[in-house]
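Participant: Which chain is which? The protein sequence lines are A and B, in order. In terms of the working numbering, the first sequence has 309 at position 211, counting the first letter as 1, and numbering is strictly consecutive. In terms of the working numbering, the second sequence has 482 at position 348, counting the first letter as 1, and numbering is strictly consecutive.
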Amino acid sequence: MPESNELIDSLVSALLSIDRLAVKTVLSRAGNGLNHMQLIEELVVPAMERIGDEWSAGNVSLSQVYMSGRICEEFAGPSGYPESASRKEQPKIACAVLEDHHSLGKKIVCAFLRAAGFVITDYGQGLSVDDLVRRTIKDEIAVLMISALMLPSALKVKKVRQRLDEEDYKIKVVVGGAPFLFDGELWKDVGADAMGKNASEAIEIMEALAGEAV
Amino acid sequence: MTDAPRTSLQRVFTTLGHKEPDRVPLFLLLTMHGAKELGLTIREYFSKAENVVEGQLRMLRKYRNDCIYSFFYAPVEVEAWGVEVLYMEDGPPNSSAPFIRRSEDIKGLPPPGVKDAECLVKVLNAQKMLKAEVGDTVPIIGVVMSPFSLPVMQMGFDKYIELMYEQPELFWLLMQVNEEFCVQWANAQLEAGATAICYFDPVSSTTVIPREMYLKTGFQIAKKTIARIKGPTATHMASGRCLPILSDIAETGTAVVGVSVLEDLAAIKAVCRGKLTVMGNLNGIEMRRWTPELSERVVKEAIAKAGQGGGFILSDNHGEIPWQVPEEVLLSISEAVHKWGQYPLEWLKDVQ
Numbered sequence: 099m100p101e102s103n104e105l106i107d108s109l110v111s112a113l114l115s116i117d118r119l120a121v122k123t124v125l126s127r128a129g130n131g132l133n134h135m136q137l138i139e140e141l142v143v144p145a146m147e148r149i150g151d152e153w154s155a156g157n158v159s160l161s162q163v164y165m166s167g168r169i170c171e172e173f174a175g176p177s178g179y180p181e182s183a184s185r186k187e188q189p190k191i192a193c194a195v196l197e198d199h200h201s202l203g204k205k206i207v208c209a210f211l212r213a214a215g216f217v218i219t220d221y222g223q224g225l226s227v228d229d230l231v232r233r234t235i236k237d238e239i240a241v242l243m244i245s246a247l248m249l250p251s252a253l254k255v256k257k258v259r260q261r262l263d264e265e266d267y268k269i270k271v272v273v274g275g276a277p278f279l280f281d282g283e284l285w286k287d288v289g290a291d292a293m294g295k296n297a298s299e300a301i302e303i304m305e306a307l308a309g310e311a312v
Numbered sequence: 135m136t137d138a139p140r141t142s143l144q145r146v147f148t149t150l151g152h153k154e155p156d157r158v159p160l161f162l163l164l165t166m167h168g169a170k171e172l173g174l175t176i177r178e179y180f181s182k183a184e185n186v187v188e189g190q191l192r193m194l195r196k197y198r199n200d201c202i203y204s205f206f207y208a209p210v211e212v213e214a215w216g217v218e219v220l221y222m223e224d225g226p227p228n229s230s231a232p233f234i235r236r237s238e239d240i241k242g243l244p245p246p247g248v249k250d251a252e253c254l255v256k257v258l259n260a261q262k263m264l265k266a267e268v269g270d271t272v273p274i275i276g277v278v279m280s281p282f283s284l285p286v287m288q289m290g291f292d293k294y295i296e297l298m299y300e301q302p303e304l305f306w307l308l309m310q311v312n313e314e315f316c317v318q319w320a321n322a323q324l325e326a327g328a329t330a331i332c333y334f335d336p337v338s339s340t341t342v343i344p345r346e347m348y349l350k351t352g353f354q355i356a357k358k359t360i361a362r363i364k365g366p367t368a369t370h371m372a373s374g375r376c377l378p379i380l381s382d383i384a385e386t387g388t389a390v391v392g393v394s395v396l397e398d399l400a401a402i403k404a405v406c407r408g409k410l411t412v413m414g415n416l417n418g419i420e421m422r423r424w425t426p427e428l429s430e431r432v433v434k435e436a437i438a439k440a441g442q443g444g445g446f447i448l449s450d451n452h453g454e455i456p457w458q459v460p461e462e463v464l465l466s467i468s469e470a471v472h473k474w475g476q477y478p479l480e481w482l483k484d485v486q
């Protein structure tokens, strides 16, 4: 494979330009001698992580992050990303949006995590606290990710945590979304175990939590 | 030389002219707090124009505010297109599932008539009553979603981003429909008594799209739409970043820009000086747990960064203060701007 940093740079640039043809070209250049999963792990994931970090720094836009995730999902093919050899041991993970219908953040995070080899159950959006708690316990979820755009929805995470504690259900709750970015203390107020500032941070958090939660 | 305005409206017009009035104007953009004033639920409060009128007048006096905010809630526009509005006990009414399910639905989509939509007529009635109460003493701020930002509620954020990048023809068709609606809605509000229109355009923010995309889309749409609105406009980014596009925004014909706490107010003011009045940028999410001392410190810092020379309105950074922000914090913000916002800002010499 040509110098991998140079390829990652080229892939980031192609993704941010929403240029599918350029993405394909970069991946073909890199593809010699690498299987599909290696390409994802060595090229696609580092590129997506860099894009996530650049978004946090204000250097790239949400539309570019979303479209990058989508193009990478297309590359993974109709059956999604193949199971990663390095992720054989992973907790059961679910993601959801409480109360409202703003699902963009959840979709971006899911795309990034799937690209990184995690298997995610998507509960969708507009869920009530009761509904989310019931499904989480029934499915024996070990890590629950909750995305919020509105402050009232973010504050409802506290109720989810309380209800899960009342049921004596052991789980890691991870939150993300605008209210948590504007108030760095909010995730602690609502009883979450972690907060991701962007989709690439979600990968780091999930890697750290995976060991604890399995 | 400092002018000596007698009314909030004069104070605001002076600062819009990039001159120092008697004091930094305060725009506490309060909506749901009116329900607290009247002891009503949020749903009850917005059910009648009379409630909003009473709520706004009480808050004007209580917080010594410099504007009336005649905004009801963001999904009022898609409600006019038939979308159900979901009420919450502790937050702004929200839109339910988008009504454009497939991008093909955009073809043949007619804009609703403003005068035929009960929810919009209610807002217009509130503006008429408010105008009768305050006359030309206090600016009444009307609100529209920009044609470019409305599709987030019409079709969902993800589908809209895909449309923008992948189906330009349908994108521009939707913009045409939305522009007609936006112009009609803005001008109806001005006719009803609004002094100015706040043009909410968060999708144009560099938080959401890159500048190159903005120049091809949101910028062109804003220029065309704002030119057809028969009154002054303030462009608001609803917490989104805009420093890299401030000079572009100034070319859209708008007079004011609502800016984010994520960017440095001094840097923003440096670009806007003499071109755009800066409105912002208090952090509404953090505000719910501010102490009076912290409120005073934050207000003082904002005035220090952007107050000199006028062209500045102190406000929150989102365009709506959350329900969870207590009255004591709002009173302390008001107190701080009345204390530290008196022109000329002599105290700044000591700081500098």
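No residue lacks a Cβ here, since even glycine has one placed at the ideal position from N, Cα and C. Being a predicted model, the structure only gives us computed values, none of them experimental.
Identify every residue that forms a DSSP beta bridge with B:Ala470.
Facilitator: The partner list for B:Ala470 (beta bridge, DSSP) is empty, contrary to what the question assumes.
Participant: From the DSSP output, read off the bridge partner residues of A:Lys270.
Facilitator: A:Val241
Participant: What residues match up with B:Leu448 in a beta bridge as DSSP calls it?
Facilitator: B:Leu160 and B:Gly414
Participant: Determine whether the Cβ of A:Ser111 lies closer than 7 angstroms to any Cβ atom of chain B.
Facilitator: no
Participant: Give the residues of chain A in contact with B:Val433, contact being defined as C-beta atoms less than 7 angstroms apart.
Facilitator: The contacting residues do not exist; B:Val433 stays about 18 angstroms from chain A at best.
Participant: Quick check: the Cα distance between A:Asp263 and A:Ala192, rounded to an integer number of angstroms?
Facilitator: 18 angstroms
Participant: Whole angstroms is fine: what's the gap from B:Trp215's alpha carbon to B:Val393's?
Facilitator: Distance from the CA of B:Trp215 to the CA of B:Val393, rounded to the nearest whole angstrom, comes to 29 angstroms.
Participant: Please work out which residues of its chain come closer than 7 angstroms, Cβ to Cβ, to B:Ala438, disregarding the five sequence neighbours upstream and downstream, and give them in chain order.
Facilitator: Leu482 and Val485, listed in sequence order.
Participant: Counting only C-beta atoms, is B:Tyr299 closer than 7 angstroms to chain A at any point?
Facilitator: yes
Participant: Is the CB of B:Pro344 under 7 angstroms away from at least one CB in chain A?
Facilitator: yes
Participant: Helix or strand or just coil, what does DSSP make of A:Asn103?
Facilitator: helix
Participant: DSSP three-state call for B:Gln261: helix, strand or coil?
Facilitator: helix
Participant: Bridge partners for B:Tyr203 per DSSP, in chain order?
Facilitator: B:Ile275
Participant: Using DSSP's beta-bridge definition, name the partner residues of A:Ala194.
Facilitator: A:Ile244
Participant: Check this for me: beta carbons of A:Asp291 and A:Lys270, under 7 angstroms apart or not?
Facilitator: Yes, the Cβ-Cβ distance between A:Asp291 and A:Lys270 is below 7 angstroms.
Participant: Report yes if the C-beta of A:Val271 is less than 6 angstroms from at least one heavy atom of the ligand NAD; otherwise report no.
Facilitator: Among the ligands in the structure shown, none appear at all, so the ligand NAD cannot be discussed.
Participant: Under 7 angstroms Cβ-Cβ, which residues of chain A neighbour B:Arg192?
Facilitator: Going along chain A, no residue has its Cβ under 7 angstroms from B:Arg192, so there is no contact; the nearest lies around 23 angstroms.
Participant: Could you tell me whether the segment 292-305 of chain A touches the segment 301-315 of chain B, where touching means 3 or more Cβ pairs closer than 8 angstroms?
Facilitator: no
Participant: Who does B:Cys332 pair with in a DSSP beta bridge?
Facilitator: B:Val277 and B:Ala368
Participant: So for A:Thr123, helix, strand or coil by DSSP?
Facilitator: helix
Participant: Would you kindly work out how many angstroms separate the C-alpha atoms of B:Ala322 and B:Leu377, rounded to a whole number?
Facilitator: 31 angstroms
Participant: Quick one, which of B:Ile383, B:Arg407, B:Phe205 and B:Arg375 has its alpha-carbon nearest B:Asp398's?
Facilitator: B:Arg375
Participant: If I follow the unbroken beta strand (DSSP E) through B:Thr149, where does it start and stop?
Facilitator: Here B:Thr149 belongs to no beta strand (DSSP E); instead the alpha helix (DSSP H) covers Ser142 to Leu150.
Participant: Tell me whether the segment 154-169 of chain B and the segment 194-207 of chain B touch, counting them as touching only if at least three CB pairs, one residue from each stretch, are closer than 8 angstroms.
Facilitator: Taking 8 angstroms as the limit for Cβ pairs, the verdict is that the segment 194-207 of chain B does touch the segment 154-169 of chain B.
Participant: Between B:Met135 and chain A, is any beta-carbon pair separated by less than 7 angstroms?
Facilitator: Residue placement at B:Met135 is flagged as unreliable, the pLDDT there being 46, under the threshold of 50; the coordinate-derived value follows with that caveat. No, B:Met135 does not count as interfacial toward chain A.
Participant: Can you grab the Cα-Cα spacing for the pair A:Glu139 / A:His199, in whole Å?
Facilitator: 32 angstroms
Participant: In whole angstroms, give me the CA-to-CA distance for A:Asp287 and B:Asp224.
Facilitator: Cα-Cα distance, rounded: 17 angstroms.
Participant: How many Å lie between B:Glu171 and B:Arg192 at the Cα?
Facilitator: 7 angstroms
Participant: Let's test the definition: count the other Cβ atoms within 10 Å of the Cβ of B:Pro478 and tell me whether it reaches 16, buried, or not, exposed.
Facilitator: Exposed.
Participant: In the DSSP assignment, what are the bridge partners of A:Met293?
Facilitator: A:Val273
Participant: For B:Thr425, name the three-state secondary structure that DSSP assigns.
Facilitator: coil
Participant: Taking DSSP as the reference, what is the three-state secondary structure of B:Ser181?
Facilitator: DSSP places B:Ser181 in the coil class of the three-state scheme, outside both helix and strand.
Participant: Taking the alpha-carbon positions, what's the B:Ser204 to B:His370 distance?
Facilitator: Using only the alpha carbons, I get a separation of about 15 angstroms.
Participant: Leaving aside the five residues before and after B:Val459 along the sequence, list all residues of the same chain whose C-beta is less than 6 angstroms from its C-beta, in chain order.
Facilitator: Met421 and Arg422
Participant: Considering only their Cβ atoms, is the gap separating B:Trp319 from B:Val255 smaller than 7 angstroms?
Facilitator: no
Participant: Pull up the CB-CB distance for A:Gly150 and A:Ser298, whole angstroms please, since I reckon it's below 8 angstroms.
Facilitator: 3 angstroms
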